[in-house]
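**Q**
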Ligand SMILES: Cc1cc2nc3c(=O)[nH]c(=O)nc-3n(C[C@H](O)[C@H](O)[C@H](O)COP(=O)(O)OP(=O)(O)OC[C@H]3O[C@@H](n4cnc5c(N)ncnc54)[C@H](O)[C@@H]3O)c2cc1C
């Protein structure tokens, strides 16, 4: 049975061939979609989440993320911080360096007005499992899946989705009607395409290799962002392992992926340097395409886009998921305001508040990560000179350093109410 009938105040109803009706339908049960769902629990709205994958499969991804202070605060606002905290790895320093240039910039928690941690590294499984558990316990949330949703129709009062089960054994409603549809369906977003929302962007000349290594020496809870001529290279601590996020031009990245383990580790050791000691590869290496994308608008009549459905960025600085979590929390706040004022949840004038709030904030991050990548991926000497002067300024001008740190930890700009309480 695909449609989970957990205890609900008012069960989803479908009479005859009439569609099932809810207040909000969320398409995509990834991390961003489920942050929206969990943020709406207290509102009492009837919410359905349609996800193409079974819950266990969606949670099993090997990915790990740099999880910002702002995202941690939003998880605290959702009441999930205590649940996930012990499984996250905190980092207390960030080292930023340009190839072998000796002027290393070291960020400390005090520069972000924090006592201890500057951020965390989180496994996808940890975050998604905690969110799924919360969704499964909430009486007003209904999980529909594994099933694929497409938008069938928009009326004045509702939007209607068609739902196709992805398991032949299973049954689920074939139509779902909602006042608002939230597209949290990832970078390829079928709902964004169906709504004809234009986007702009480009594929980078780089791909990204992700791998996990065990190092001879402990990582000391330091996150490294190293800018190499081929592209940014990040080392993130997670348990007794380190996660590598290594961007390089396509051909170089593909060649690295195809090296045998010993050759790959040799190449890696050259880039990491001696301070971590001997490295051992753990598990597979993965290759990801890298692109920048921003939608011209995040909303349409009865539709709101969140997370990768609305924007994608370069992995430098680990911003993509964190931006999506802030989108989700901002949308929840806008909807809570609408409920308090008795407004229609799907009306465009309301949704535009969310669009204005998040789209401009996300442009800043997209532009900043793009600038970082371009500045540091060249050996053209005037640019090298400018970036090294920039690093020197960052190191020596405390307000500049604090500004950059707050931008990357998500603490700059208007924080959604869910994330306003410091940890
Ligand atoms: C190499 C790499 C490293 C990264 N590192 C970081 C990092 O350190 N920190 C960070 O913040 N971000 C990072 N990111 C970005 C991050 O991975 C994404 O921004 C994030 O996963 C997007 O989450 P989402 O929930 O918006 O989309 P997704 O995770 O793509 O979820 C979309 C969900 O929608 C479902 N779906 C799609 N279509 C349908 C449909 N029609 N019907 C039903 N369900 C549907 C899918 O099955 C999926 O579960 C990285 C990205 C890459 C490539």
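In the numbering used here, the protein residues as written are 706 to 1128. Even for Gly, the Cβ is constructed at its ideal location relative to N, Cα and C.
(1) According to DSSP, simplified to helix, strand and coil, what is residue 985?
(2) Residue 1119: buried (16+ other C-beta within 10 angstroms of its C-beta) or exposed?
(3) Quick one: grab the DSSP three-state call for residue 994.
(4) What is the DSSP secondary structure of residue 1085, counted as helix, strand or coil?
(5) May I ask whether a heavy atom of ligand 1 can be found less than 7 angstroms away from the beta carbon of residue 1024?
(6) For residue 826, list the residues DSSP reports as bridge partners.
(7) Quickly, what does DSSP pair residue 812 with across the bridge? List them, please.
(8) Heavy atom of ligand 1 less than 7 angstroms from the Cβ of residue 967, yes or no?
(9) From the DSSP output, in three-state form, read off residue 911 for me.
(10) Taking only beta-carbon atoms, is residue 740 less than 8 angstroms away from chain D?
(11) Around the Cβ of residue 850, are there at least 16 other Cβ atoms within 10 angstroms (buried) or fewer (exposed)?
(12) I need the straight-line Cα distance from residue 836 to residue 1001, nearest angstrom please.
(13) Can you give the Cα-Cα distance for residue 1054 and residue 750, rounded to whole angstroms?
(14) Run the CB neighbour count on residue 791, radius 10 Å, all protein chains shown included, and call it buried at 16 or more, exposed below.
(15) Mind pulling the alpha helix (DSSP H) runs of 4 or more residues that sit fully within the region 1027-1063?
(16) Going by C-alpha distance, which of 733, 1094, 1121, 848 is nearest residue 1038?
(17) Cα separation between residue 716 and residue 819?
(18) Can the beta-carbon of residue 1032 be found less than 8 angstroms from the beta-carbon of residue 1012?
(19) Verify whether the separation of the beta carbon atoms of residue 745 and residue 729 is less than 8 angstroms.
(20) According to the neighbour-count rule (16 or more other Cβ atoms, all chains shown, within 10 Å of its Cβ), is residue 952 buried or exposed?
(21) From residue 1021 to residue 725, what distance separates their C-alpha atoms?
(22) Just tell me which of 1126, 1040, 947 has its CA closest to the CA of residue 984.
(23) For ligand 1, is there any heavy atom lying closer than 7 angstroms to the beta carbon of residue 1108?
(24) Name the one or two DSSP bridge partners that residue 858 has.
(25) I'd like to know if the region 789-805 and the region 820-834 are in contact, where contact means that at least 3 CB-CB pairs between them fall below 8 angstroms.
(26) Can you tell me whether residue 884 is helix, strand or coil according to DSSP?
(27) How many Å lie between residue 890 and residue 1101 at the Cα?
(28) I need the DSSP call for residue 743, collapsed to helix, strand or coil.
(29) Could you compute how far the alpha carbon of residue 779 sits from the alpha carbon of residue 881?
(30) Distance, Cα to Cα, residue 710 vs residue 785?
(31) Which first and last residues belong to the alpha helix (DSSP H) in which residue 762 is found?
(32) Closest to residue 743 by C-alpha separation, out of 936, 774, 1034, would be which residue?
(33) Just the C-alpha distance for residue 1129 and residue 757, rounded to the nearest angstrom, thanks.
(34) Need the endpoints of the beta strand (DSSP E) that residue 930 sits in, please.
(35) Based on Cα-Cα distance, which residue from 1023, 993, 918 lies nearest to residue 971?
**A** For this structure:
(1) strand
(2) exposed
(3) strand
(4) coil
(5) yes
(6) 771, 794
(7) 799
(8) no
(9) strand
(10) The structure shown contains no chain D, having only a single protein chain.
(11) buried
(12) 30 angstroms
(13) 20 angstroms
(14) exposed
(15) none
(16) 1121
(17) With a pLDDT of 47 at residue 716, under the threshold of 50, the modelled position of that residue is not reliable, and no figure is offered here.
(18) yes
(19) yes
(20) buried
(21) 42 angstroms
(22) 947
(23) no
(24) 865
(25) yes
(26) strand
(27) 43 angstroms
(28) helix
(29) 29 angstroms
(30) For residue 710, the pLDDT reaches just 40, beneath the cut-off of 50, and the residue's location in the model is therefore unreliable, although a value from the coordinates is still provided. Taking the straight line from one Cα to the other gives about 23 angstroms.
(31) 760-764
(32) 1034
(33) In the structure displayed, the chain extends from 706 to 1128; residue 1129 sits before or after that span and is not available.
(34) 927-933
(35) 918
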